[in-house]
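Following: one structure in structure tokens, then a few remarks.
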Amino acid sequence: MTNKLLLALAAAGMMALPMTAQAQGTLRGAAEGAEAGAAAAGPVGGIVGGAVGAATGTVGGILGVDDRPRFRSYVRERSVNSYSWGGPVRVGTVLPEDSVTYYEVPTEYRVRPGYRYTIVNEQPVLVDRSHRIVEVID
598 MTNKLLLALA AAGMMALPMT AQAQGTLRGA AEGAEAGAAA AGPVGGIVGG
648 AVGAATGTVG GILGVDDRPR FRSYVRERSV NSYSWGGPVR VGTVLPEDSV
698 TYYEVPTEYR VRPGYRYTIV NEQPVLVDRS HRIVEVID
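Offset between the sequence shown (1-based) and the numbering used here: plus 597.
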């Protein structure tokens, strides 16, 4: 019974993968949900947690849907320099530590500690402590 459930959940997860390209918070949500689920209930919990995390990450991302336009305006008003990146600007890209300037996100946006923003190819992005892009603010 457990194997059938595991297989069904894995198949459902694979069918949902194309949606990840459309949502910035999906990958982070899936990773965090899988970690929490695995810690609580082992491998099956990891699969269920990943699916739930992906769904909630898709809805909100790091910045809430309502905060995005306001944050984009905030960043543009600051007129900070854009870092020129040779590749696509997408979630998962790791930026250099030394040649990019990172800025703190104001507390009014309710972003968890450890995330900062920068501008890459004229696009605002949020990065984590390892300088990995976790959300592209479109």
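Heads up, the beta-carbon is just placed ideally off N, CA and C, and yes, glycines get one too.
Quick caveat, the model's predicted, so the values are computed rather than measured.
Just to confirm, is the Cβ distance from residue i to residue j under 9 Å?
i: E732; j: V717; result: no
i: Y706; j: R669; result: no
i: Y680; j: T715; result: yes
i: Y699; j: I659; result: no
i: R729; j: V697; result: no
Just the Cα atoms here: how many angstroms apart are residue i and residue j?
i: R709; j: I644; result: 25 Å
i: A638; j: R673; result: 44 Å
i: R687; j: R665; result: 16 Å
i: G684; j: E701; result: 24 Å
i: W682; j: P693; result: 10 Å
i: V724; j: G689; result: 9 Å
i: P640; j: R726; result: 27 Å
i: P703; j: R675; result: 12 Å
i: D663; j: N678; result: 25 Å
i: D695; j: A636; result: 35 Å
i: Q720; j: E632; result: 30 Å
So what does residue i bridge to, in DSSP terms?
i: P703; result: None; P703 has no bridge partner.
i: V736; result: In the structure displayed, the chain extends from 598 to 735; residue 736 sits before or after that span and is not available.
i: Y714; result: Y700 and L723
i: Y680; result: V717
i: V691; result: R729
Taking the beta carbon of residue i as the centre, do at least 16 other beta carbons fall within 10 Å, making it buried, or is it exposed?
i: I734; result: buried
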